[in-house]
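In terms of the numbering used here, the sequence shown opens at residue 66 and continues consecutively.
Reading through the structure tokens given below for one structure.
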Amino acid sequence: MGGMPRNATIERKTAETDVRVELALDGTGSGARDTGVGFLDHMLDLLAHHARLDLTVQAAGDLKTGAHHTVEDVAICVGQALDRALADRSGIARYGEATVPMDEARAACAIDISGRGLCVFEGSLPPGAIGNFEHELVEEFFRAVSSNAKLTLHLSIERGTNAHHTIEAAFKAAARALRVAAALDPSQDGVPSTKGSLV
């Protein structure tokens with residue numbers, strides 16, 4: 066990457082949402098997250114901190130119909146920002162994995178910045194919501210991120226009885242795995258693929 070800044074700004078405006086995301090891969094976790102969905106803001110804080118991303122997210126959505134559109138469109142923009150910031154993928158580690166406990170809960174994530182968007186989500190969450198964030202939106206968030214960032218993401222909820230703890234462990238595991246996969250590897254000359262391309 067030759068010292069080039071790895072950052073991106075994405076804007077998405079539809080009849081349902083208006084989203085702006087600013088992302089820098091080589092950050093400290095700084096930035097503000099304001100989506101109107103309090104639990105999503107909390108999870109984005111965790112994502113930024115544990116992936117060491119500078120991440121600013123501003124979103125306005127049709128929350129009267131629920132948080133689904135806002136969560137999905139924020140995830141689309143985060144994924145697109147990651148894709149743009151990673152550019153041609155030169156010099157990255159490419160693979161990352163992490164297992165994270167959160168009290169009684171535990172989640173594991175493996176990531177390949179492969180150029181192929183795929184999310185494999187294993188595990189179950191009980192029906193319900195935390196604030197206006199429905200539990201089922203966890204899978205929707207990571208599916209949209211992986212598709213738009215063009216990465217392969219395997220996320221497993223291994224155990225947990227408290228939904229808040231379980232979801233938090235999942236976001237932290239994904240963040241930690243992303244941090245490793247997106248890191249620059251000084252021993253890697255060019256794109257880490259025998260094909261010569263990851264885009």
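Glycine included, C-beta positions come from ideal geometry on N, C-alpha and C.
Terminal residues of the alpha helix (DSSP H) in which His219 lies
Within the sequence shown, residue 219 is the residue found at index 154, counting from 1. For His219, no alpha helix (DSSP H) run applies; the uninterrupted beta strand (DSSP E) run containing it begins and ends at Thr217 to Arg224, by DSSP.
Going by beta-carbon coordinates alone, are Ala124 and Gly101 separated by less than 9 Å?
The count along the sequence shown starts at 1 and reaches residue 124 at position 59. The count along the sequence shown starts at 1 and reaches residue 101 at position 36. By the CB criterion at 9 Å, Ala124 and Gly101 fall inside the cutoff.
Would you mind listing the beta strand (DSSP E) stretches within the stretch 143–216 that are 3+ residues and don't spill past its ends, in chain order?
Entirely contained in the stretch 143–216, the beta strand (DSSP E) runs reaching 3 residues are, in chain order, 160–167, 170–177 and 183–187.
Between Glu169 and Gly225, which are expected to be in contact by the criterion C-beta below 8 Å, what is the C-beta distance as a whole number of angstroms?
Within the sequence shown, numbered from 1, the residue matching residue 169 stands at position 104. Within the sequence shown, numbered from 1, the residue matching residue 225 stands at position 160. About 6 Å separates the CB atoms of Glu169 and Gly225; that is less than 8 Å, so the two are in contact.
Determine the DSSP secondary structure at Val102, reduced to helix, strand or coil.
Translated into positions along the sequence shown, residue 102 becomes position 37. Coil.
Figure out for me which residue from Ala235, Ser252 and Ser155 has the closest Cα to the Cα of Pro70.
Indexing the sequence shown from 1 puts residue 70 at position 5. Checking every option, the nearest Cα to that of Pro70 belongs to Ser155.
Leaving out the 5 sequence neighbours to the left and right, which residues in its chain are closer than 7 Å to Ala97 when beta-carbon positions are compared?
Stepping through the sequence shown from its first residue, residue 97 is reached at position 32. Cβ within range, chain order: Thr121.
To the nearest angstrom, how far is it from the Cα of His200 to the Cα of Leu118?
Within the sequence shown, numbered from 1, the residue matching residue 200 stands at position 135. Within the sequence shown, numbered from 1, the residue matching residue 118 stands at position 53. Distance between the alpha carbons of His200 and Leu118 is about 24 Å.
Should Glu233 go down as buried or exposed, given a rule of 16 or more other Cβ atoms within 10 Å for buried?
Residue numbering aside, residue 233 sits at position 168 when the sequence shown is read from its first letter. Per the 10 Å Cβ criterion, buried.
For Gly67, does the count of other Cβ atoms within 10 angstroms reach 16, so buried, or fall short, so exposed?
Along the sequence shown, one-based indexing puts residue 67 at 2. For Gly67, the predicted structure reports a pLDDT of 49, less than 50, and the residue's modelled location is therefore unreliable. A value from the coordinates is still provided. Looking at its Cβ environment, which holds fewer than 16 other Cβ atoms inside 10 Å, Gly67 is exposed.
Residues that DSSP places opposite Ile75 in a beta bridge:
Stepping through the sequence shown from its first residue, residue 75 is reached at position 10. Ile75 is bridged to Val86.
Would you be able to state if there are at least three C-beta pairs under 8 Å between the stretch 87–96 and the stretch 201–211?
With the rule of 3 Cβ pairs closer than 8 Å, the stretch 201–211 does not count as touching the stretch 87–96.
By the 10 Å Cβ neighbour count, where 16 or more other Cβ atoms means buried, how is Thr130 classified, buried or exposed?
Translated into the one-based positions of the sequence shown, residue 130 becomes position 65. With fewer than 16 Cβ atoms within 10 Å of its Cβ, Thr130 is classed as exposed.
Please state the DSSP three-state secondary structure of Asp250.
If you number the sequence shown from 1, residue 250 lands on position 185. The three-state secondary structure of Asp250, taken from DSSP, is coil.
Kindly indicate which residue of Asp254, Asp106, Val256 and Ile222 has the alpha-carbon position closest to the one of Ala140.
To locate residue 140, count along the sequence shown from 1; it is residue 75. Nearest of Asp254, Asp106, Val256 and Ile222 to Ala140, Cα basis: Asp106.
Quick one, are the C-beta atoms of Ala239 and Phe207 less than 9 Å apart?
Looking up residue 239 in the sequence shown gives position 174. Looking up residue 207 in the sequence shown gives position 142. Yes; because the gap between Cβ atoms is below 9 Å, this pair is in contact.
Span separating the alpha-carbon of Gly261 from that of Arg244
Here the question's residue 261 lines up with position 196 in the sequence shown. Here the question's residue 244 lines up with position 179 in the sequence shown. Taking the straight line joining both Cα atoms gives about 22 Å.
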